[in-house]
Amino acid sequence: MAVEPQVQLSQPSPQRPIDRVHLARQCLGDAHLEEEILRLFDTTIATYFDRLKLAESFDDLAANLHAIKGASVGVGAVSVAALARSMEAELRAGRPLRMEQVHDLGMAVEEVRGFIARFLAEAEG
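Here the working numbering is used: the first residue of the sequence shown is -5, the next is one more, and so on.
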């Protein structure tokens, strides 16, 4: 059984659903790269969450949750990553996803997307 590496993220503040310190480290301090990564993540997370809502098979649910989790860990979207990780573990343990879980993940996704929109608007000036 493969062991998933654990990434240590600093705790985001309630106003910042993305760990900016983690993101800056991942981008080697390049602010323009951070902006580009956030644009890409915004599109990616929206796509995979929409696919998750439409998924009916175990494989589709698992693949979309795994993609959401991986992308979120990469940019430091801690709450989204934690929710997706928990949902993926429950699914793999044979427990069906509850609509409440999907709703909670959707709220976290929208919070992150709102943060990204505000961050990019400020960066553009």
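We put the CB at the ideal spot given by N, CA and C, even for glycine. None of the values given here were measured: they were computed from a predicted structure.
Residue burial classification, residue i (beta-carbon count within 10 angstroms, cutoff 16)
i      : result
Asp36  : buried
Ala75  : buried
Ala25  : exposed
Leu32  : buried
Ala65  : buried
Glu82  : buried
Gly121 : One cannot answer for residue 121 here, as it falls past the ends of the chain, which runs -5 to 119.
Gly119 : exposed
Phe109 : buried
Nearest-angstrom Cα separation, counted from residue j out to residue i
i      : j      : result
Leu85  : Arg79  : 10 angstroms
Ala111 : Gly23  : 20 angstroms
Glu28  : Asp53  : 32 angstroms
Thr38  : Lys63  : 11 angstroms
Leu34  : Arg92  : 28 angstroms
Cys21  : Ile12  : 14 angstroms
Val72  : Val15  : 12 angstroms
Arg107 : Lys47  : 17 angstroms
Ala117 : Leu77  : 28 angstroms
Glu30  : Glu104 : 19 angstroms
Val67  : Gln95  : 19 angstroms
Ala61  : Leu114 : 23 angstroms
Exercise. Taking only runs of the beta strand (DSSP E) that begin and end inside the stretch 58 to 90, which ones reach a length of at least 3 residues, in chain order?
Worked result: Counting whole runs of 3 or more residues, the stretch 58 to 90 contains no beta strand (DSSP E) stretch at all.
Exercise. Would you call the stretch 8 to 17 and the stretch 51 to 64 touching, i.e. three or more CB-CB distances under 8 angstroms?
Worked result: no
Exercise. Is there contact here, the stretch 82 to 100 with the stretch 43 to 52, by at least three beta-carbon pairs under 8 angstroms?
Worked result: yes
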